[in-house]
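Which chain is which? The protein sequence lines are D and A, in order.
The first sequence begins at 90 in the numbering used here and counts up one residue at a time.
The second sequence begins at 174 in the numbering used here and counts up one residue at a time.
Built from N, CA and C at the ideal position, the CB exists for glycine as well.
These numbers come from a predicted model, not from an experiment.
So the structure is just underneath, and the comments pick up after that.
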Amino acid sequence: EAGVVQSPRYKIIEKKQPVAFWCNPISGHNTLYWYLQNLGQGPELLIRYENEEAVDDSQLPKDRFSAERLKGVDSTLKIQPAELGDSAVYLCASSLVAGELFFGPGTRLTVL
Amino acid sequence: QQPVQSPQAVILREGEDAVINCSSSKALYSVHWYRQKHGEAPVFLMILLKGGEQKGHDKISASFNEKKQQSSLYLTASQLSYSGTYFCGTEIIGRGSTLGRLYFGRGTQLTVWP
Chain D
90 EAGVVQSPRY
100 KIIEKKQPVA
110 FWCNPISGHN
120 TLYWYLQNLG
130 QGPELLIRYE
140 NEEAVDDSQL
150 PKDRFSAERL
160 KGVDSTLKIQ
170 PAELGDSAVY
180 LCASSLVAGE
190 LFFGPGTRLT
200 VL
Chain A
174 QQPVQSPQAV
184 ILREGEDAVI
194 NCSSSKALYS
204 VHWYRQKHGE
214 APVFLMILLK
224 GGEQKGHDKI
234 SASFNEKKQQ
244 SSLYLTASQL
254 SYSGTYFCGT
264 EIIGRGSTLG
274 RLYFGRGTQL
284 TVWP
């Protein structure tokens, strides 16, 4: 069974540029998460989807971040414009029901 | 909301035991444990639900004391492959959109030497 797929794996951009990350969860997993992980820290939830619905997005900085999960399968997280402090690893995870999270390899974003 | 993990780092020789602790100031529904190796994604180890149960597989086990809102991860006879950063994730008893949300600790870095 394929795991959670994320792309790109690495992204380097200049500040004020837009950037987008893509995630394809494990087939059949209804719940999809986007986490942010800073160096030396644990993952922090940005947004959680149940199928197409964003059920927990209170920690998503909506002035510059947006996300969508069309058709309840894959998802895109966008930052526009990016700031220096956005440099981090962006992890996507999925789960069948509340419980074990399966994480993707992450996208390492560097904002110059 | 973020749980506190201790110690921050542990260095062991192969075959030695270690305990990693996780505590929360909030009433917990569940505690999750994950291991992350450098440059890789976190990998699930186990979930403990409130009820004070203890779980384990192979030589890694965990306990959950719901009265104290604490969980401990026990690594017995550590192997080189146990090296990595261990995170606990806590699910707080709550309402609305925070139901099911995991708050991760800052992690405990475990290094096992031969």
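Specify the secondary structure class of residue i as computed by DSSP and reduced to three states.
| i | result |
| --- | --- |
| Leu222 of chain A | strand |
| Gly280 of chain A | coil |
| Leu188 of chain D | The displayed chain sequence assigns Gly, not Leu, to residue 188 of chain D. It is coil, neither helix nor strand. |
| Gly195 of chain D | coil |
| Leu246 of chain A | strand |
| Ser155 of chain D | strand |
| Ser251 of chain A | coil |
| Lys100 of chain D | strand |
| Leu173 of chain D | helix |
If we define contact as Cβ-Cβ less than 8 Å, is residue i a contact residue for chain A?
| i | result |
| --- | --- |
| Gly258 of chain D | No information on residue 258 of chain D is available, as it lies outside the stretch 90 to 201 that chain D covers here. |
| Phe154 of chain D | no |
| Pro132 of chain D | yes |
| Leu180 of chain D | yes |
| Phe192 of chain D | yes |
| Gly174 of chain D | no |
| Gly117 of chain D | no |
| Gly195 of chain D | yes |
| Asp163 of chain D | no |
Starting from the C-beta of residue i, find all residues in its chain whose C-beta is less than 6 Å away, skip the five residues before and the five after it, and write them out in chain order.
| i | result |
| --- | --- |
| Asn140 of chain D | Asn119, Gly161 |
| Phe154 of chain D | Ile168 |
| Tyr122 of chain D | Arg137, Ala182 |
| Lys210 of chain A | Gly257 |
| Gln169 of chain A | As shown, chain A starts at 174 and ends at 287. That puts residue 169 of chain A outside it, with no answer to give. |
| Trp286 of chain A | Arg186 |
| Ile184 of chain A | Thr284 |
In the DSSP assignment, find the beta strand (DSSP E) that holds residue i and state where it starts and stops.
| i | result |
| --- | --- |
| Ile233 of chain A | 233-238 |
| Asn119 of chain D | Where Asn119 of chain D is concerned, there is no enclosing beta strand (DSSP E), given that its DSSP letter is neither H nor E. |
| His205 of chain A | 201-209 |
| Gly262 of chain A | 257-265 |
| Leu166 of chain D | 164-168 |
| Asp145 of chain D | 142-145 |
| Arg137 of chain D | 133-139 |
Any heavy atom of the ligand ADP closer than 7 Å to the Cβ of residue i?
| i | result |
| --- | --- |
| Ala177 of chain D | Annotation note on the ligand ADP: not contained in the displayed structure, which lists no ligands. |
Using a Cβ-Cβ cutoff of less than 8 Å, which residues in the same chain neighbour residue i once the five nearest sequence positions on both sides are dropped?
| i | result |
| --- | --- |
| Leu222 of chain A | Tyr202, Ser203, Phe237 |
Return the bridge partner residues of residue i from the DSSP annotation.
| i | result |
| --- | --- |
| Ala182 of chain A | A:Gln282 |
| Tyr179 of chain D | D:Leu125, D:Thr196 |
| Ser197 of chain A | Paired residues: none, contrary to the question. |
| Gln130 of chain D | DSSP output for Gln130 of chain D lists no bridge partner at all. |
| Thr95 of chain D | Correcting the residue identity first, residue 95 of chain D is Gln in this sequence and not Thr. Gln95 of chain D is bridged to D:Cys112. |
| Ala191 of chain A | A:Leu248 |
| Leu369 of chain A | The question about residue 369 of chain A has no answer here: the residues shown for chain A are numbered 174 through 287. |
Using beta carbons (cut-off 8 Å, strictly below), is residue i in contact with chain D?
| i | result |
| --- | --- |
| Ile220 of chain A | yes |
| Ile279 of chain A | For the sequence presented, residue 279 of chain A should be read as Arg rather than Ile. Closer than 8 Å to some Cβ of chain D, the Cβ of Arg279 of chain A qualifies, so yes. |
| Phe237 of chain A | no |
| Arg208 of chain A | no |
| Ala214 of chain A | yes |
| Leu246 of chain A | no |
| Leu275 of chain A | yes |
Leaving out five residues on either side along the sequence, give the residues of the same chain with a beta carbon under 7 Å from the beta carbon of residue i.
| i | result |
| --- | --- |
| Glu103 of chain D | Leu201 |
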